[in-house]
Amino acid sequence: MKSGRKVSVLLTMALMINANLLPAFALDVPFPQWQERQQIEFLDPEDTEIALRAALLVTKKKDQQLLIIQALCDLCHEQKRYVEERDLLLSWISLAQQIEPFPAVNCATQNLRLSYAYFVLKDYEKAESAAKASLQMFRESCSESSPNVALALNNLAWVQMKLNKSADAEANILEALAILEVVAGEKSMIYGLLTENLAVLYEQTNNQKVALRLYKKALAILKKFLDKDDSIIVDLRQHMDEQHSLLAQSKEHREKKKLARHKETQK
Numbered sequence: 181m182k183s184g185r186k187v188s189v190l191l192t193m194a195l196m197i198n199a200n201l202l203p204a205f206a207l208d209v210p211f212p213q214w215q216e217r218q219q220i221e222f223l224d225p226e227d228t229e230i231a232l233r234a235a236l237l238v239t240k241k242k243d244q245q246l247l248i249i250q251a252l253c254d255l256c257h258e259q260k261r262y263v264e265e266r267d268l269l270l271s272w273i274s275l276a277q278q279i280e281p282f283p284a285v286n287c288a289t290q291n292l293r294l295s296y297a298y299f300v301l302k303d304y305e306k307a308e309s310a311a312k313a314s315l316q317m318f319r320e321s322c323s324e325s326s327p328n329v330a331l332a333l334n335n336l337a338w339v340q341m342k343l344n345k346s347a348d349a350e351a352n353i354l355e356a357l358a359i360l361e362v363v364a365g366e367k368s369m370i371y372g373l374l375t376e377n378l379a380v381l382y383e384q385t386n387n388q389k390v391a392l393r394l395y396k397k398a399l400a401i402l403k404k405f406l407d408k409d410d411s412i413i414v415d416l417r418q419h420m421d422e423q424h425s426l427l428a429q430s431k432e433h434r435e436k437k438k439l440a441r442h443k444e445t446q447k
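Numbering (our numbering), first residue to last: 181 to 447.
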């Protein structure tokens, strides 16, 4: 398509989006399913972004702006443009706070995504702050036994592990597991994944015996859902081997010290 024609079509689409005259181009459908679903062949990701940003400039409705920003967030995330995704998420959250009724669950989800963006950018303090905001919103808008609360607890714990807040991370993962035990069961895949996270925490705090037990438990659950060559299964087995090795070294060290003390007493 010639560049002039492309710009003309994109601007027309932007105006149609704003005027709600293009319902087939549904903004609440996650990117990149739009192109697959609607077969808009001339739209590559760059074209899509141009159209969305043009629509954002002309739309006046806040709820429509949220949908457009959300779509831009999805696009940036797909392309690993985390700085731009972070800025868009901050804009989304700020705009959502101006809307009545306040979209609490959606805002909690966006804070969860914001926490991830900060985490990838290695801004762990802000990642923790966003994770806490997400957890609070899920607690206020969902029941305490909601899987959303469990996932928010796990996300917060993962950030806290990076900040060496082991006690807080442990408490949050244990609370998340308690919720999932009720709503999903101990044999569910999500329970297995969080069990693995708890094992990682104990490994980081040099509690090899507990870490090994939890890795075994996670493997027993997850191997029912994943292929033996799946990266998660391979990683679990590798961690188990490492813990076995560390425990063997620790036992050997203790035996050497015991033998040395025995020799001292024989002198």
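Yeah, the Cβ is synthetic: ideal placement off N, Cα and C, and Gly gets one too.
With a cutoff of 8 Å on beta-carbon distance, L360 and P327 are scored as near each other. For I273, the enclosing alpha helix (DSSP H) covers residues Y262 to A276. Ranked by Cα distance from T375, the options V339, L416, L406 and V363 are led by L416. Minimum Cα-Cα distance from A349 among the listed residues Q290, L333 and N387 corresponds to L333.
Counting other Cβ atoms within 10 Å of its Cβ, L343 stays below 16 and is therefore classed as exposed. Annotation: R393 to N352 spans about 19 Å, alpha carbon to alpha carbon.
Residue burial annotation: N335 is buried, with at least 16 other C-beta atoms found within 10 angstroms of its C-beta.
Under the three-state reduction of DSSP output, G372 falls in the helix class. Separation of N291 and P281 (C-alpha to C-alpha, rounded to the nearest whole angstrom) is 18 Å. Residue burial annotation: G365 is exposed, with fewer than 16 other C-beta atoms found within 10 angstroms of its C-beta. Between the beta-carbon of L315 and that of R293 there is about 14 Å, and that puts the pair past the 8 Å contact cut.
DSSP places S314 within a helical segment (H, G or I) once states are collapsed to three. Distance from the Cα of L331 is smallest, within the candidate group A428, K241, V363 and E383, for V363. At the C-beta level, R261 and Y298 stay beyond 8 Å of one another.
By the neighbour-count criterion, in which 16 or more other beta carbons inside 10 Å mark a residue as buried, D224 falls on the exposed side. The C-beta distance from L427 to K403 rounds to 22 Å, too long to fall under 8 Å, and the pair is not in contact. Straight across, the Cα-Cα distance linking Q340 with K306 is about 11 Å. When the Cα atoms are used, R233 and I248 turn out to be separated by approximately 8 Å.
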